[in-house]
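Here's the structure we're looking at; comments come further down.
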Amino acid sequence: MPVTDVTHDLDARTLTIVADFAAPPKRIWEVYADPRQLERVWGPPTYPATFVDHDLAPGGRMNYYMTSPEGERYYGYWEVGSVDEPSGFTFDDGFALDEQFTKNTDLPVSTNVFTFVEHDGGTRATYVGTYASAEALQAVLDMGVVEGSSAAINQIDDLVAE
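Numbering (my numbering), first residue to last: 5 to 166.
Here you go:
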């Protein structure tokens with residue numbers, strides 16, 4: 005499995021996931037840069053994602069939803085901060101209320117830094133999410149973000165092997 009380490013720090017309000025892939029950084033970058041590829045790995049296997057809008061550029065917005073096995077949709081968005089192709093990007097990831105992707109201000113927003121660096125002939129990806137408070141981080145931990153994110157990231161190996 006690509007995910008090699010998961011840590012959270014309530015004092016620093018961070019969740020960090022490290023994964024190693026047997027593909028170069030440019031190939032891992034392409035997964036996030038292409039909405040059709042990203043859809044195959046953003047949600048856990050039983051909650052596939054659909055990206056309605058995909059603008060991986062500074063100031064860009066990406067709107068998506070995940071579909072549960074029962075057909076329920078869970079909406080979210082990314083607001084892209086910076087982009088350093090193929091080394092990584094930053095974005096805010098939030099929950100949305102509806103198909104218009106109206107921000108849900110009752111749920112936490114994370115500020116994310118995704119980095120992709122050469123490591124042992126492949127790529128080490130480091131995913132760091134920072135939350136506004138320890139309570140916000142604990143809320144997403146209670147929602148299963150570690151399990152869901154790990155399951156999603158672990159799908160990348162199969163995708164890049166195709």
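Beta carbons: idealized from backbone N, C-alpha and C, even for Gly.
Selection S137, R17, V84 and L19 evaluated against A37 yields V84 as nearest (Cα-Cα).
Between V87 and L60, the CB-CB gap stays under 9 Å. Non-local beta-carbon contacts of D9 in its own chain, meaning distances under 8 Å to residues more than five positions away in sequence, involve T20, I21 and V22 in chain order.
Distance check between S137 and each of A155, S114 and G152 places S114 closest, using alpha-carbon atoms only. Rounded to the nearest whole angstrom, the C-alpha separation of R40 and Y68 is 12 Å. If you draw a straight line from the Cα of R65 to the Cα of S153, it comes to about 20 Å.
DSSP, reduced to helix, strand and coil, places V45 outside both helices and strands of the structure shown, so it counts as coil. Annotation for E151: the continuous alpha helix (DSSP H) segment containing it runs V149 to I157. Between P6 and I157, the C-beta gap is smaller than 9 Å, which places the two residues in contact. A straight-line Cα-Cα distance of about 13 Å links G98 and V149. In the structure shown, L19 adopts extended strand secondary structure according to DSSP, grouped into three states.
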